[in-house]
Structures are given as C-alpha cells and as structure tokens.
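Read through the structure below, which is laid out as structure tokens, and then see the notes.
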Ligand code: PMP
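Residue numbers (our numbering): 371 to 735.
Below, the structure is given as structure tokens:
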C-alpha cells in the first residue's frame, strides 16, 4: 500500500498509527462484538473513549480546572455565531481583529447578533499578508470580548505572540494551528478549533472555555447553543459524533506517545524552516507574499512566476505522490499545509522536488 504525502489544508493528513488503531478496532471494539460507532453514547465503552479524549486534551495543553473542555458540532463556522450568541449581550460591543477570510466570516455572524467594532485589519486590497503590529490594535477597554484568528489558513499568516487585551476576554479561532505547540491557555477566555487539521477528522469543534465565561453566558438563546448546556452534560447533551471523537482520541494519544506538544513544536518548526529556506533559496522564482515575521508554520503559501507553471508544479508533484498543494481558490498559487501528521521526510521530498522543478523549468516565462 502506498500512502501519498498529504499536504491538504483540512481535512488533512492523519498519523498512520491513529488510523491503524481504528482499523484494528473497527469490527470488534475491545471484545464487545461491535464497532465503537455502533455503541450507545451512554454506554461504558464509548464514555471511556469520550473521557479519555477530554483528559488527553487537558493533559497535553495543561488545561486548568478553571476551564471546560467541550466537544461540539457545527464546525468552527457554527462557533462564529455561537460565540456572540453567548458572550455578546445587548448594550455591549465586541472587538474583531481581521487577519483573513475566516475572521471576516466570524465578524459577519457577530454583526447579526449585536454590536461589533473592527479593532484592527491588515486586509489591504483584499489581501492579508501580515499580522497587525501591537500599535495598530485599537482595542475598546469596555468590549465584551476581543476575537482573533490565530492562524490564517488561506493567506498563510500566523500569530506567534498573542495580543494583550487587559481585562477584556480574549477569544480565539485556533482551527488551523490548535495544538501545534504548547501555549498558555490562561491567556484566553475561550478557544475554539475545528479538529480536521491538527488533531483529527472533521465533525468536531473543540472548545476550551473559562468557567466564569460559560456560567455568565446569555440564557436567552436556545439551549442547544448555550455553552453551559454542554458543560453541564460533559458534551453528551445530545448524541455526539462518536466516531470523530474516537479518532481524536487516537490522534491525541499518538501525540502523547511522540513526546507531547514540545515534540510536536520541534518537528513543526523544523518543517517550516526547511520549506521557507527552500522558498528563500529561490526567492526570484518562488515568491512568498507573506511578511517574514507573520509567516505561518501551518500553511505555507507561495507563487511561481506564472499560473501555468503553478498548475504544472501541482501536476508534477502529484505524480511524485505529493497531493493537496493547490492554493485556496480565493487566493491562488501554492499552499502547503504542514499540520502535525505531516512528516519531516515529506517536507524534504517536497523541497527536493522544488529544487528539481527549477532546474527543469527555471527560466521565467
Ligand atoms: N476558521 C479557520 C481558521 C479555518 O481554517 C476554517 C476551515 N478551513 C474554519 C474556521 C471553518 O471551519 P469549519 O469548516 O469546520 O466550519
């Protein structure tokens, strides 16, 4: 069996170990005579998996007892709406920092719920090529919360130092860089992240929320959208996506075996270093539009001299077993996603291919 080198932006590569474990347990989960998918979400077999997934998240990120860890549905897109539904009462305003298409979408949903402000935007001419500087953040000290997107999946920018918001709760969409390294959860009031990039399949959005924020959330919204409902029921209020949570459990336990988030960070930094070095080595051919200090280690974007060469690059890479390299349709170019399950070897194969591609197609046309 040949597994390709998968650079997809999400759903994305998963560690083979996690998939093999799923394969081995699929038909008969721990001698129960059925798969985990067929078990009741109220039975002891599934509950053990569910609790383990939550416990592993807490352990890997050192999440304190001040926070709930929730496994919800509807993706990060639903959180765009659920965050303001819970945290934006009438008479208050929420600050949004715009760094890409996803933060724009989050703002659009919040506008439907209440009052909002743009605290900063780096979207010059519709292209976001950097993270705002500290002095560009015009934060409202009375805001209900500040919303940011920690990694911009389409444009390839990433926050490496999170903004200081004083007493104003900081909310982050971490969908595309969640758990790529250890970070201080205590800096945030609420974090949400779709699982399908760094920690599992689609179907789940993880929420880590401070308990006082959850308890203080609005009660005049449908029960299913209240964080409190899910916190009170350990994310078992309604039937959860059991197979997705099971797979997240497998991925998190693989991450733990690899040495946890410090090991992940080391590998992720090495992959980013290798790829940006390859780009910069041929800066007159591979052009990265992103400001150097904002370059994402999760989604690396670059252009070739022409769109025709970009198409050829994607086609030839595919023949060599490297897939998922086409940039997002709204941005174009090449995008390489380097989530946790992408190996250093795959990146080395890609950079060798990049060197070769120039040798064969070097002249700008
Ligand atoms: N936020 C970010 C940063 C994303 O990258 C994505 C998906 N690519 C989303 C939100 C939307 O996630 P979902 O499709 O799970 O709703």
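We put the CB at the ideal spot given by N, CA and C, even for glycine.
These numbers come from a predicted model, not from an experiment.
- prompt: How would you label residue 735, buried or exposed, when you count the other beta carbons within 10 angstroms and need 16 or more for buried?
  reply: With a pLDDT of 45 at residue 735, under the threshold of 50, the modelled position of that residue is not reliable, and the figure given next carries that caveat. Residue environment: residue 735 is assigned as exposed (fewer than 16 neighbouring CB atoms within 10 Å of its CB, all protein chains considered).
- request: Within the same chain, show all residues whose beta-carbon is closer than 6 Å to that of residue 538, passing over the 5 residues directly before and after it, in chain order.
  value: Same-chain partners within the cutoff: 513, 516.
query: Opposite residue 693 in the DSSP bridges: which residues?
result: In DSSP, residue 693 forms a bridge with 376.
query: Where residue 525 and residue 620 are concerned, what is the direct C-alpha to C-alpha distance, given to the nearest angstrom?
result: Each residue's alpha carbon lies about 30 Å from the other.
query: Where do the N-terminal and C-terminal ends of the alpha helix (DSSP H) with residue 598 fall, by residue?
result: Counting along the chain, residue 598 sits inside the alpha helix (DSSP H) bounded by residues 597-602.
query: Where does residue 420 fall in DSSP's three states?
result: Helix, per DSSP.
Counted within 10 angstroms of its Cβ, other Cβ atoms place residue 571 as buried (16 or more) or exposed: Around the beta-carbon of residue 571, 16 or more other beta-carbon atoms lie within 10 Å, marking it buried.
query: How close, in whole Å, do the beta carbons of residue 674 and residue 656 come, if the pair is a contact with beta carbons under 8 Å?
result: A Cβ-Cβ separation of about 7 Å places residue 674 in contact with residue 656 under the 8 Å criterion.
task: Kindly examine the ligand PMP and report whether one of its heavy atoms sits closer than 7 Å to the Cβ of residue 687.
output: Every heavy atom of the ligand PMP is 7 Å or more from the Cβ of residue 687, so no.
- request: Taking only the alpha-carbon atoms, compute the straight-line gap between residue 405 and residue 398 and give it to the nearest angstrom.
  value: Rounded to whole angstroms, residue 405 to residue 398 spans 5 Å at the Cα level.
task: Excluding the 5 residues preceding and the 5 following residue 638 in the sequence, name in chain order all residues of the same chain whose CB lies nearer than 6 Å to its CB.
output: Cβ neighbours of residue 638 beyond the five flanking positions: 550, 667.
field: Secondary structure of residue 672, DSSP reduced to three states
entry: Strand, per DSSP.
- prompt: Relative to the ligand PMP, is the shortest distance from any of its heavy atoms to the C-beta of residue 472 smaller than 7 Å?
  reply: Remark: the shortest separation between the CB of residue 472 and any heavy atom of the ligand PMP falls under 7 Å.
query: Between residue 721 and the ligand PMP, is the CB less than 7 Å from at least one heavy atom?
result: Set against 7 Å, the gap from the CB of residue 721 to the closest heavy atom of the ligand PMP is not smaller.
message: I need the straight-line Cα distance from residue 717 to residue 642, nearest angstrom please.
response: Answer to the nearest angstrom: the Cα atoms are 9 Å apart.
query: Under the three-state reduction of DSSP, which class applies to residue 735: helix, strand or coil?
result: No answer about residue 735 holds up, because its pLDDT of 45 lies below 50 and its placement is not dependable.
Cβ neighbours of residue 555 in the same chain (closer than 8 Å, five flanking residues each side left out): Here the set comprises 431, 432, 433, 434, 437, 561, 578.
message: As an exercise, report each continuous beta strand (DSSP E) stretch of at least 3 residues that is fully enclosed by the stretch 449-536, in chain order.
response: Those beta strand (DSSP E) runs which fall completely within the stretch 449-536 and span 3+ residues are 463-468, 485-491, 516-519.
field: residue 663, enclosing alpha helix (DSSP H) - first and last residue
entry: DSSP places residue 663 in no alpha helix (DSSP H); its state is neither H nor E.
task: Would you kindly report the start and end of the unbroken alpha helix (DSSP H) that includes residue 613?
output: Per DSSP, residue 613 belongs to the alpha helix (DSSP H) from 612-627.
query: Cα-Cα, which of 727, 416, 709 is closest to residue 682?
result: Check the Cα spacing between residue 682 and each of 727, 416, 709: the tightest is with 727.
message: Does the beta-carbon of residue 697, which I'm using as the reference point, lie nearer than 7 Å to any heavy atom of the ligand PMP?
response: The answer is no for residue 697.
message: In this structure, how does DSSP classify residue 727 when only helix, strand and coil are distinguished?
response: Residue 727 falls in the helix class under three-state DSSP.
field: residue 591 beta carbon less than 8 Å from that of residue 608
entry: The answer is no: Cβ separation not under 8 Å.
task: Work out the CA separation of residue 487 and residue 614 for me, nearest whole Å.
output: If you draw a straight line from the Cα of residue 614 to the Cα of residue 487, it is about 35 Å long.
- prompt: In terms of residue numbering, what span does the alpha helix (DSSP H) encompassing residue 646 cover?
  reply: It spans 630-651 - the alpha helix (DSSP H) in which residue 646 sits, taken as one unbroken run.
field: Where the beta strand (DSSP E) through residue 392 begins and ends
entry: Careful: residue 392 lies outside any beta strand (DSSP E), inside the alpha helix (DSSP H) at 386-395.
query: Do residue 519 and the ligand PMP come close, with the Cβ less than 7 Å from some heavy atom?
result: The ligand PMP has a heavy atom closer than 7 Å to the beta-carbon of residue 519.
- prompt: Can you tell me the Cα-Cα spacing of residue 510 and residue 450, whole angstroms?
  reply: Their Cα atoms are separated by approximately 20 Å.
- prompt: Since residue 543 contacts residue 480 with CB under 8 Å, what's their CB separation in whole angstroms?
  reply: About 12 Å separates the two Cβ atoms, so there is no contact after all.
- request: Determine the direct distance from the alpha carbon of residue 711 to that of residue 375, and round the result to whole angstroms.
  value: In this structure, the CA atom of residue 375 is about 10 Å from the CA atom of residue 711.
query: How many angstroms separate the CA atom of residue 380 from the CA atom of residue 534?
result: In this model, residue 380 and residue 534 are separated by some 29 Å (Cα to Cα).
task: Give the range of the alpha helix (DSSP H) segment to which residue 543 is assigned.
output: Looking at the DSSP string, residue 543 is not in any alpha helix (DSSP H); the run it does join, the beta strand (DSSP E), is 540-543.
query: Should residue 469 be counted as a contact of the ligand PMP given a C-beta to heavy atom distance under 7 Å?
result: No, the ligand PMP has no heavy atom inside 7 Å of this Cβ.
query: Could you check where the alpha helix (DSSP H) with residue 439 kicks off and where it finishes?
result: Careful: residue 439 lies outside any alpha helix (DSSP H), inside the beta strand (DSSP E) at 437-442.
task: Might you give, ordered along the chain, the residues of its own chain that have their beta carbon closer than 6 Å to the beta carbon of residue 518, omitting 5 neighbours on each side?
output: Here the set comprises 467, 542.
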